[in-house]
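*Asks:*
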Amino acid sequence: MHPIIAALKHHKTTVFLVALEIALTCAIVTNALFLIGDRLAAMHMMTGVADNELVWAQASGLDLGRDSAANGSAAAKAAADLAALRGIPGVESGVMSNSLPLAGSGWRMDVWTRPGDKHSALDNVFEFVGTPGMVKTLGIKLSEGRDFLPQEYEDYNPFSGQPPPGSVIVTRALAAQLWPGEDPLGKPIYLDSSGNHVAHVVGVAQHLLDPRVSTAHGVERGLILPVETVDGGLYVLRVRPDARASVKRAIPRVLTGVDPARTITAHIYSRTIAQYFHGDRAMIWLLLVVIGCLLAVTALGVVGLSSFWVQQRTRQIGIRRALGATRTDIMRYFLAENFLIVSLGVVAGLAGAVGLNLWLMDHYELHRMPLAWLPAGAVILWLLGQLAVLAPALRASHVPPVVATRSV
Amino acid sequence: MMFGYYLDLAWRSLKRTPILTGLMVLAIGLGIGASMTMLTVLHVMTADPIPGKSAKLFYPQLDPQPMQHYTKGENPPDELTWIDAINLLHAHKGVHQAAMSGGIVTVIPPQGMTHAFNLDARYTAADFFTMFNVPFVSGTGWASSDDDERARVAVITRKLADKLYGTAQAVGKNLRLGKYDFRVVGVIGQWHPVPHFYDLTMGNYAKPEQVYLPLQTAMGLDFWTTGAVQCWGHFPSGNPTKANDCAWMQFWVQLDTPAQVRAYRQFLVNYSESQKQLGRFQRPPNTRLHNVVQWLSYNHVVPGSVQLEGLLALGFLLVCLVNTVALLLVKFLRRGGDLAVRRAMGASKRSVFAQLLVEAALTGLGGGVVGLLLATFGLWVVRQQTAAYAGLARLDGAMLGATFVLAVCATLLAALFPAWRACRLMPARLLKTQ
C-alpha cells in the first residue's frame, strides 16, 4: 500500500476533491435510500379491511328549497339508500361508516382509561362508527372477542353530546397502548374526562389502519362504535372484485333514483389507497432519479480524474512495466488507489449521513435511520468507484513498457 | 477587446476536449435543472399571496378557553368565536376589517332546479373586497350597512356570472341560493391568492370561492358553514356556530402604521381583560397578532416534503459543483503547457486567470441551457402530480433569469480555485518538461 499513499501525497488537492464528492454523495444517497425504504414500508401497511372488494360512495345534499319535512328523517333516508344500493348486482352487503382506513379524514378524539386522570388520556384516537354489519362488510378480522350484537347498535353522534354506545371494538395496537400486557376484553374506555361516557371492549381488531397515517401518533389508533345511522357518512359496499367497476358506475344512478336532490361521488377503494400514497410514490421516484443522477455525476468525476492521472503517469507506468510489473499489477494499482480514495470519502460520508439524518429529524417528521442502512451506502459507492475506474485502469494496463524509453 | 480574444480562446479550448466539456456541461446542467425545479416549486408555494399589502394585513387571535388545561405561553385557538369576531368587527379599530367563514351554497341556475349544484362560498363583511384588493369587472362590493341590515346581496365571480347568465355584466341579476333570492351587486375578475392565506382551514392551496355573501345574512338564513371548528368543553347540541365555546371564524384587519399595530395589540389585551371581567373569558389575556407572512409560517403552510425536496436538490447542486471543481482542475492543469507558453510570451497571471474564468463561464452558460431544458421537463412532471399546488408550478421570467445567473455564478465559483492553481504553475518548469 505504501507506494500508493506516497503517490497520492503529490495530489492532495485532487484526492481531497474526489473524497469530498464521494462523501457528499454517500451522505445524501444513504439518507435518500432510507427515506425510500421508510415510504415503501408505509405504502405496504395493511389496511385491515378487504382492499379489493370495497366500493364506497358519498352523497352531498342540495338545498333545493323544498319542504324538508317531506323528505323524512335522515335515518329513514339512509336506510332507503342502503336498500337500493344492496340491490345493485354484484353487491354482497352494504353499511354506512364515517370513514375508512386511508380515506384521508376522520374523527379524532381523546380517550381515558381512568376518568378524570390526565395521565390515562390518549389523544388523537380515531373514532370509526358503523351501522349493523360494518365489521363483516369491511372484512375486519377480530383477533379476540366478538362482533357487535344486533341490539348494541345505538343512535349516536359524537357532535350531539349523546352518550356513546356501550360496546366498542379496539385495534390490537390501541389495546396494547391503553392496557399494556393486559387482556383488553371487558375493559372500560371513557370518551370524556368526566367519566359519564363509557364503552366496554367487546372485541379486538387485528388490524385497522387510521384514516390518515401519521408517524407521530402511530398508525393503528382506532376504535369502532356500533351506531344505527351516520349522518352525512359514507356508503361502503362489499362487492365481488370483478363487479367493482360496474357497481361504481351504477351508484350515482341508483342513489339519485332514491332522492335526486344531491350530488354523488363513488370510488373503488383500492384506487382510494393508491391515491392516498400518490405523494409518496412521486417522492420515491424523485429520490430514485436524484440518486441515479448523483451517482452518475460522481462516476463522471471519478472517470475524469482517473483518466487524467493515467495520462499524467504514462511514463511511470511504462517504467514499472519495463521493470517487470504485469498488466494485472498496473490494473490492481489503480483499483487499489481508487478503493483507498473512495474509502476516505465513505468514512467521512457515513459520519455525514448520520449527521444529516439527525439534523433532518430535528427539522422534519423523520425517523432515526437504523445503522443497518450505512453499509448499503458504503457498498454502493465502493462498487461505483471500482466500476468508474475500470476503463481508465484498463487503458493504463495497456501502456507498453517501451514508453519508458521515450520522452513524451 | 481582450474579452473577445478570451472568448475565442475559450471556444477553441472547449472544442479541443469535447468529451470533458460535454461531461461538465451535463453535470452542471443536471445540478441546475434539479435545483431550479425544486426552487421554482418552493418559490410558487412561498409566494406572497397579496404583494404590497401582506405586511399591513393582520390576523388577531384570542383565547376564550376555560382555565382547565391552561399552560402559560400556549398558543390561543387558530380561529375566533362568533361573538368575538362580531365584537372585533364592530369595534372598528383598524383601517379595514372583516370577519369571515367558508360555506357551501346550492346554486339554482335560471335553467331550473335540475341544473342545481353546490359551490364553495365565503360569508364575510363589506371591507373584504377593499382590504384584499379584489378586482371588480362590474359593480362593487356591498355597503357596510348591508352587513347590519342582513341584505340579500351577493358578489360572484366572472366565471359563475358567465355560467349562469352568459355575461359578466350580471349586476342586478337574481341569484337563487336554495330557498332564497339574492341580488348580484358585483362581479369580480381574476383573483387567486396563493396560498389561500385568509382561510387556511379550507386547505393551504384552496381555490378562491365563487360566491360572497354578507356574513350576517348567511348566518341569519342558517346557511352551511365549512372549515375547521374547534370546540372545548361539551359539544353544544344543534348548531355549534353561535356557541360561546366553539371557534370557527377568521378575522383580518388592515393596520397601516406601526403605531396602529401597537394600538391594536393593546386593544386585544384590553378586550380580553374586559371579557374576563364580564365572565366570558377565564384565562389571562393570551393574544396574538400575525401579519400575512407570519401567519403562513405560524401555520407551516409549505409542506415539509417540499422543503425536503428543495434541500435534496441543493445537496445535489453542491455535489455537481464539487465535481465541476475537480474536472476544471484536471482540465486546466492538463493545459499547463498552453498556459506556460502564453505566460512565457508575456501574458500576465491576471490575464491567464481571466481567460480561464471566461472559459468556465462559457461552460456554465452551456450548463444553464441544459439545466433550463431539464427544469422545464421537471416542472412538467411536477404539474402531473395531484397535490393542490402542483398545477401552479411554472417557470416565470424571474426564475428563467435566475437559472442562467445561478448556472454561470456557480460555475465561476467552482472555477476560482482551479484557475488560481493553474496560474501559479511555473512557466519555466512546464516548458522544460515539454
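Note that the protein sequences, when read in sequence, are chains A and B.
With our numbering as the guide, the letters of the first sequence map in order to residues 1 to 408.
With our numbering as the guide, the letters of the second sequence map in order to residues 1001 to 1434.
For each residue, glycine too, the CB sits at the ideal point set by N, CA and C.
#1: Since GLY222(A) and LEU208(A) should fall inside the 8 Å C-beta cutoff, what is the C-beta to C-beta distance between them, to a whole number of angstroms?
#2: Give me the Cα-Cα distance between ALA1313(B) and LEU1014(B), rounded to the nearest whole angstrom.
#3: Of the choices LEU1030(B), ASP1338(B), VAL1381(B) and ARG1342(B), whose alpha-carbon is the least far from that of ARG1016(B)?
#4: Would you check if the segment 1143 to 1161 of chain B and the segment 1242 to 1260 of chain B touch, i.e. whether three or more CB-CB distances between them fall below 8 Å?
#5: Is the CB of PHE148(A) under 8 Å away from at least one CB in chain C?
#6: Measure from the alpha carbon of VAL202(A) to the alpha carbon of each residue in LEU142(A), VAL258(A) and PRO101(A), then state which is nearest.
#7: GLN1385(B) versus chain A: which residues are under 9 Å apart at the beta carbon?
#8: Anything in the segment 1295 to 1315 of chain B with a Cβ closer than 7 Å to a Cβ of chain A? List those residues in chain order, please.
#9: Please look up how many angstroms separate the CB atoms of LEU174(A) and VAL125(A), rounded, as I've assumed it's under 8 Å.
#10: Is the Cβ of ALA1326(B) closer than 8 Å to any Cβ of chain A?
#11: Measure from the alpha carbon of LEU1108(B) to the alpha carbon of each residue in TYR1165(B), VAL1187(B), VAL1292(B) and LEU1379(B), then state which is nearest.
#12: Using three-state DSSP, classify LEU208(A) as helix, strand or coil.
#13: Whole angstroms is fine: what's the gap from LEU1057(B)'s alpha carbon to ASP155(A)'s?
#14: Restricting to Cα atoms, I'd like to know which of VAL1187(B), ARG1335(B) and ARG1152(B) is closest to ARG1176(B).
#15: Which same chain residues end up closer than 7 Å to ALA322(A) when comparing Cβ atoms and leaving out the 5 residues on each side of it in sequence?
#16: Residues of chain B with a CB under 8 Å from the CB of ILE28(A): which are they?
#17: Can you have a look at SER1035(B) and say buried or exposed, based on whether 16 or more other CB atoms are within 10 angstroms of its CB?
#18: Mind checking PRO370(A): buried by the 16 CB within 10 Å criterion, or exposed?
#19: Starting from the C-beta of ASN1244(B), find all residues in its chain whose C-beta is less than 8 Å away, skip the five residues before and the five after it, and write them out in chain order.
#20: What's the call for ALA1393(B), buried or exposed, on a 16-neighbour Cβ count within 10 Å?
#21: Expressed to the nearest angstrom, what Euclidean distance is found between the alpha-carbon atoms of GLY1141(B) and PHE1129(B)?
#22: Interface residues of chain B around VAL290(A) at Cβ under 8 Å?
#23: Here's the rule: buried if 16 or more other CB atoms are within 10 angstroms of the residue's CB, otherwise exposed. What is PHE148(A)?
#24: CB LEU1023(B) to CB LEU1327(B), shorter than 8 Å?
#25: Taking 8 Å as the cut-off, does the segment 39 to 52 of chain A touch the segment 1351 to 1371 of chain B (at least 3 CB pairs, one atom from each stretch)?
#26: Give the straight-line distance between the Cα atoms of GLY292(A) and LEU138(A), rounded to the nearest whole angstrom.
#27: Do you know offhand how far PRO180(A)'s Cα is from ASP38(A)'s?
#28: Under the assumption that ALA199(A) contacts PRO241(A) (Cβ atoms under 8 Å), give the Cβ distance between them as a whole number of angstroms.
#29: Determine the burial state of GLU182(A): buried for a count of at least 16 other Cβ atoms within 10 Å of its Cβ, exposed for fewer.
#30: Between which residues of its own chain and GLY1220(B) is the CB-CB distance below 6 Å, once the five residues before and five after are set aside?
#31: Spatial neighbours of SER1144(B) within its chain, please: CB distance less than 6 Å, with the 5 preceding and 5 following residues excluded, ordered by chain position.
#32: Any beta carbon of chain B sitting closer than 8 Å to that of TYR364(A)?
#33: Output, in sequence order along the chain, the residues in the segment 306 to 334 of chain A whose CB is closer than 7 Å to any CB in chain B.
#34: Is there a Cβ of chain B sitting closer than 8 Å to that of VAL297(A), yes or no?
#35: Report the residue ranges of all alpha helix (DSSP H) runs contained in full by the segment 1297 to 1341 of chain B; include only those spanning at least 4 residues, in chain order.
#36: Does the segment 13 to 20 of chain A come into contact with the segment 341 to 350 of chain A, if we say contact requires no fewer than three beta-carbon pairs (one atom in each stretch) closer than 8 Å?
*Replies:* In this structure, then:
#1: At roughly 5 Å, the Cβ-Cβ gap stays under 8 Å, so GLY222(A) and LEU208(A) are in contact.
#2: Spanning the two alpha carbons is a distance of roughly 28 Å.
#3: Ranking LEU1030(B), ASP1338(B), VAL1381(B) and ARG1342(B) by Cα distance to ARG1016(B) puts ASP1338(B) first.
#4: The segment 1242 to 1260 of chain B makes no contact with the segment 1143 to 1161 of chain B; the number of CB pairs closer than 8 Å stays below 3.
#5: Checking the listed chains, one finds no chain C in this structure; the protein chains it contains are A and B.
#6: If we check each option's Cα against that of VAL202(A), LEU142(A) comes out closest.
#7: Simply HIS278, GLY279 and ALA282.
#8: So the close ones are GLY1304, SER1305, LEU1308, GLU1309, LEU1312 and GLY1315.
#9: With 8 Å as the limit, LEU174(A) and VAL125(A) qualify as a contact, their Cβ atoms being about 7 Å apart.
#10: By this cut-off, ALA1326(B) is an interface position.
#11: Going by the sequence as given, residue 1108(B) is Ile instead of Leu. Residue TYR1165(B) is the option with its Cα nearest to ILE1108(B).
#12: If DSSP states are grouped into helix, strand and coil, LEU208(A) belongs with coil.
#13: Rounded to whole angstroms, LEU1057(B) to ASP155(A) spans 46 Å at the Cα level.
#14: Shortest Cα-Cα distance from ARG1176(B) to any of VAL1187(B), ARG1335(B) and ARG1152(B) involves ARG1152(B).
#15: Answer for ALA322(A): PRO401 and ALA404, listed in chain order.
#16: Under the 8 Å cutoff, chain B gives LEU1312, GLY1315, PHE1316 and VAL1319.
#17: Label assigned to SER1035(B): buried.
#18: The residue in question, PRO370(A), is exposed, as its Cβ has fewer than 16 Cβ neighbours within 10 Å.
#19: So the list reads PRO1064, THR1081, ILE1083 and ARG1280, once near-sequence residues are dropped.
#20: Looking at its Cβ environment, which holds 16 or more other Cβ atoms inside 10 Å, ALA1393(B) is buried.
#21: Rounded to whole angstroms, GLY1141(B) to PHE1129(B) spans 6 Å at the Cα level.
#22: Result: ALA1034, LEU1312, ALA1313 and PHE1316.
#23: Of the other Cβ atoms in all chains shown, 16 or more fall within 10 Å of the Cβ of PHE148(A); this residue is therefore buried.
#24: Contact flag set, yes.
#25: Short answer: they don't touch.
#26: In this structure, the CA atom of GLY292(A) is about 41 Å from the CA atom of LEU138(A).
#27: When rounded, the distance between both Cα atoms is 26 Å.
#28: Wrong, their Cβ atoms sit about 34 Å apart, outside the cutoff.
#29: Burial call: exposed.
#30: In the same chain as GLY1220(B), and ignoring 5 residues on each side of it, the C-beta atoms closer than 6 Å to its own belong to ARG1150, in chain order.
#31: The answer, listed in chain order, is ALA1126.
#32: At a cut-off of 8 Å between C-beta atoms, TYR364(A) counts as an interface residue with respect to chain B.
#33: Using a CB distance below 7 Å, the part of the segment 306 to 334 of chain A facing chain B consists of PHE308, ordered along the chain.
#34: Using a CB distance cut-off of 8 Å, VAL297(A) counts as an interface residue toward chain B.
#35: Every alpha helix (DSSP H) stretch that sits fully inside the segment 1297 to 1341 of chain B and reaches 4 residues is listed by chain position as 1304 to 1334.
#36: Touching, per the Cβ criterion.
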